[in-house]
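Right, one structure below, let's go through it.
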Amino acid sequence: MEDIKTNFLERRRQPFLMEGFYKTWERETFEIRRPITARELADPKLSPLGRKYMLEGHASETTHLLHLRYTAGEPIEKLRSDLDEVVAAWEDFAKVQREFKGDEEWSAFRFSYRTDYNDIVQLVGVAILMRREDLIPRIHELCHIYRRDDSIYDALTEPFLPPAEESDKYTWFHDDPYALVVDVLDSDDPNEQSALMKEAVERWYAANEGLPFHGTHKDIDDEGHGGYFGYWCFELAALCYLKNIDDSRFRNHLTYPKDLVDFARAYRAEPDRQPPPTSGAATFQVLSARPGEPCPREGVWFAVHLRGKEIRMRQGETMPGPKIGPSGAVTWYFKGP
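Residue numbers for the sequence shown follow full-length UniProt numbering, beginning at 1 and rising by one.
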């Protein structure tokens, strides 16, 4: 019989995560927290402010679950489809927040707040590393008012957005470790880029002291208590991939997601996708639809979170449910005609 515990210890990507915590947190997400959230959101008496907070909490929880599954060693190919649920959750929050504020331009993330800034650059970083470039324009729409306000964010998103007015100035919201990253962007010397990025990666965890996630590995237990989901500098790793920075000096650092960088570099698009993007344009087109939406193209569709179930649909037909499957929110993907 397979030793599941040993297998988990070998599979996890950081040494702090315990199998009991992981399984308990994942189970309670779907068996307790998600049903409660669904009931609360369905209550017509729920105030606009309460709805905003519920959706923000759901978006954060969905993001944490993705990070936790990555830390636990789940296959990257499986996690790529989970990103759809994460982005959709933030879109739902942004829509309600903008209605509540009465401002269609209101950003779902406030860059001046370190927690919000971490959330957005990490979300973009994960999407890039998992080669879900198709999601970048949707993510950018959540906070588009900040374009050209932060050089790190711009460096991550610009290759996948329509061209905009260029700027020769570097601006950033948070110095540590991002002033080092600005120096990386400003350098043309590969050795200097690598050395500066090494320092930034090594500074990343300490620079986030005081944030809610910092030090959470000390408080987790098998009962699911604690808020540790992994410590990962996804945004720095994504820049290493995009800028082709030599990471050999720091790829074994605890917070550097080296297998994600390797995945991004080795990834080859499916035959129905276009080549990797060039600067100034988003070229990946992934055909997908959520339950309740009209089918955009006739053919065979599959859903990862319905155990890979396949169906044949005609264009215009309503994509079937359920909205939540055994392992996450359901999104249908086009397989072929």
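C-beta: ideal position from N, C-alpha, C; glycine also.
All values derive from a computational prediction rather than experimental measurement.
Those residues which DSSP pairs with V300 across a bridge: R312 and G336
In chain order, each alpha helix (DSSP H) run of at least 4 residues that lies wholly inside the segment 41-87: 48-71
Identity of the residues DSSP links to S194 by a beta bridge: In the DSSP output, where bridge partners are listed per residue, S194 has none listed.
Endpoints, the alpha helix (DSSP H) within which residue 345 is located: Here the chain comprises residues numbered 1 to 337, so residue 345 is not present and cannot be evaluated.
V300 vs G325 beta-carbon contact at 9 Å: no
Q122 and A108 closer than 9 Å at C-beta: no
Buried versus exposed, by CB contacts within 10 Å (16 or more), L17: buried
Own chain partners of C240 with C-beta closer than 7 Å, once the 5 adjacent residues on each side are dropped: M197, D247 and V261
Three-state secondary structure assigned by DSSP to P159: helix
Cβ contact (3+ pairs, closer than 8 Å) linking the segment 87-101 and the segment 50-60: yes
C-beta atoms of A164 and R148 nearer than 9 Å: Result yes, Cβ atoms of A164 and R148 sit closer than 9 Å.
Residue nearest to W232 in terms of C-alpha spacing, selected from Y113, H67 and P137: H67
Rounded straight-line distance, which links the Cα of L129 to that of D189: One C-alpha to the other measures close to 23 Å.
DSSP-derived helix/strand/coil call for S151: helix
Cα-Cα separation between F100 and L9, rounded to whole angstroms: The alpha-carbon of F100 is positioned some 45 Å away from that of L9.
Pairwise C-alpha distance: N118 and E223: Cα-Cα distance, rounded: 28 Å.
For I136 and F263, believed in contact at Cβ under 8 Å, the rounded distance: F263 to I136, Cβ: 17 Å. No contact.
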